[in-house]
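Novice: Below: one structure in structure tokens.
Numbering (my numbering), first residue to last: 6 to 143.
And the structure:
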């Protein structure tokens, strides 16, 4: 058996380095800015817009910091927020939450992946009691 020699070894090393670079490059932080809010009154709040980075999961967190009751719904817009429509999946309402006397996590999950450059998101929240910390992020 012969040796590959210096040139073949360098070429193989370059291929290996390129492969490793490709494997690690998808794991970078999102460029979108998180949408955050603290809600502690009974007014109706619509917070946003959240402008997502395309082809990444959008994560919704609703955390009750004091026993909270109320509702929250994720809304989507394609016209800069002039029209905000509830998110649906399979023909039914999705990303809509009702909660009563909850402390701690209400929602902490990925909710969708966006591929439309015109889309922005809003969160409609109404509390009847308690306090809520909100985060929409990627």
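From the three backbone atoms N, C-alpha and C, an ideal C-beta is built for every residue, glycine too.
Can you grab the Cα-Cα spacing for the pair residue 75 / residue 131, in whole Å?
Specialist: 6 Å
Novice: Within this structure, are the beta carbons of residue 49 and residue 138 separated by less than 8 Å?
Specialist: no
Novice: Using 8 Å as the cut-off, can you tell me whether the segment 34-42 makes contact with the segment 82-93, which would need three or more C-beta pairs spanning the two stretches below that distance?
Specialist: The segment 34-42 makes no contact with the segment 82-93: fewer than 3 CB pairs, one atom from each, lie closer than 8 Å.
Novice: Would you be able to state if there are at least three C-beta pairs under 8 Å between the segment 55-62 and the segment 92-108?
Specialist: Taking 8 Å as the limit for Cβ pairs, the verdict is that the segment 55-62 does not touch the segment 92-108.
Novice: For residue 115, is the classification buried or exposed, using 16 other Cβ atoms within 10 angstroms of its Cβ as the cut-off for buried?
Specialist: exposed
Novice: Looking at the strands, I want to know which residues DSSP matches up with residue 97.
Specialist: 94
Novice: Skipping 5 residues on each side, what residues in its chain have a beta carbon closer than 7 Å to that of residue 119?
Specialist: 57, 59, 63
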